[in-house]
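Comments concern the structure below.
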């Protein structure tokens, strides 16, 4: 008997599939199968493998075992589902919302992804690696796993973590809320999805900063929202541009605008709150890295100024600890509390309980605050190394947008457009360096090009090595043009005698 095994999985399972396929393709009902010992010799497998395959076929009704006679193909064979036809092309999603989501999500086009083959990379959004944090977190996880109840945690989040979050927000961000106002979520991405589900209907207008965090825009678009891009300058969102808008939701990063790093001024903050109150709009405040400020104390959040409960404040532990944690928090306006808890239940019931318990213990012990202080000190050193290196290789070709906060810098290339910056990025990649253009974070084309340069995940030595590659690429793509001074003809000195001679001649 000629059988071909497909090579996938255990031998007895491969043999079962091969025999079943032969029976379905025409091996006659009542046909006697080879003895197990003989078939094992032909196939070069153990007899136990053949016995296991025959036993499985008997259990499924494909063969009959006759005592003293052997095994025979059953009469008739059991009904077997027709094999699936191969899919011809991509039929695509079947709902409007699924089409929107697929259109908004192109895995290969997500900005900020790691550059393949890069030896060094100025990748932003990646926090600092800390072996001591890994050890401390493993200890907290182990402890939490021993006493966390095995049933589903509360949809709103563990009370201990919500209380710890309230205490942290009060001390570090000036936001005074109660535990019942806090909803534990799976990071900023889930937070904006819940906000869109609760507040927006298809066609509603959502205002976003220009430039902006593209993942927020994509989530809003997937919910059918219409986008209004509002300009950003050195004082943050230009609130006056909202006057003619019908925006039901305004998304801002006031404490450290992403990506430019601008800080929203107090006057703009008050104007935005007044606009929301007057228009009945909601404000989504994304405080993604408000903990890390290198000059003065961290600024109070916009939510701390809100007296009308129009601000939905969101923070994340991913940037402060590590992205794989996937835990954040959303401060709910009291009038929307039930809606947000219901939306969270619909999304995933609740955030993981053991991780919540571990994080609550980590914060309550003071380890989280100590980690933040150490991280801020180290990031300040790395940021200084990056700025010094950029100044050294600039020679008039770079302008650094220094925001005194966060884990990345924006570096503009005056007189260069997006296409020229893309050429620099491509050259650097060939040299083993990952660079990132700011262009993907704009809806409208800009007349200036720039780079986002992250420093959180690189040591000072790595920053210096990466800057050496950057300087080489910068010189190769945008060489410094040194003007050569032309030799001036010698000046003809007029002697006193010559002057007197001309005077006499005249």
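In UniProt numbering, the protein residues as written are 1 to 506.
Note that the Cβ used here is the ideal one computed from N, Cα and C, for glycine as well.
CA-to-CA distance, residue j to residue i, given in whole angstroms
i, j, result
"residue 245", "residue 141", "47 angstroms"
"residue 156", "residue 5", "52 angstroms"
"residue 379", "residue 407", "7 angstroms"
"residue 280", "residue 321", "36 angstroms"
"residue 455", "residue 267", "31 angstroms"
"residue 389", "residue 464", "7 angstroms"
"residue 76", "residue 37", "26 angstroms"
"residue 121", "residue 434", "4 angstroms"
"residue 118", "residue 474", "17 angstroms"
"residue 307", "residue 172", "19 angstroms"
"residue 441", "residue 212", "5 angstroms"
"residue 67", "residue 50", "17 angstroms"
"residue 458", "residue 128", "7 angstroms"
"residue 462", "residue 47", "59 angstroms"
"residue 489", "residue 481", "In this prediction, residue 489 has a pLDDT of 49, which is less than 50 and means its spatial position is unreliable; what the coordinates show is noted afterwards. Going from the Cα of residue 489 to the Cα of residue 481 covers about 24 angstroms."
"residue 315", "residue 216", "14 angstroms"
"residue 397", "residue 377", "29 angstroms"
"residue 257", "residue 283", "15 angstroms"
Boundaries (first-last residue) of the beta strand (DSSP E) holding residue i
i, result
"residue 247", "247 to 252"
"residue 306", "Unbroken run through residue 306: none, as it is neither H nor E."
"residue 183", "182 to 185"
"residue 65", "63 to 66"
"residue 510", "Residue 510 lies beyond the stretch modelled for the chain, which goes from 1 to 506, so this question has no answer here."
Boundaries of the alpha helix (DSSP H) in which residue i is found, first to last residue
i, result
"residue 463", "460 to 477"
"residue 192", "188 to 199"
"residue 226", "That residue, residue 226, is in no alpha helix (DSSP H); its beta strand (DSSP E) goes 226 to 233."
"residue 16", "11 to 24"
"residue 222", "214 to 222"
"residue 292", "Unbroken run through residue 292: none, as it is neither H nor E."
"residue 50", "47 to 59"
Exposure label - residue i; buried when at least 16 CB within 10 Å
i, result
"residue 138", "exposed"
"residue 349", "exposed"
"residue 239", "buried"
"residue 162", "buried"
"residue 42", "exposed"
"residue 329", "buried"
"residue 491", "A caution first: residue 491 carries a pLDDT of 45, below 50, which makes its placement in the model too unreliable to give a value."
"residue 8", "exposed"
"residue 430", "exposed"
Local conformation of residue i per DSSP, three classes
i, result
"residue 394", "helix"
"residue 447", "coil"
"residue 436", "coil"
"residue 401", "strand"
"residue 207", "strand"
"residue 270", "helix"
"residue 415", "coil"
"residue 8", "coil"
"residue 348", "helix"
"residue 325", "helix"
Complete runs of the alpha helix (DSSP H) confined to the stretch 130 to 180 [at least 4 residues]: 131 to 147 and 159 to 172
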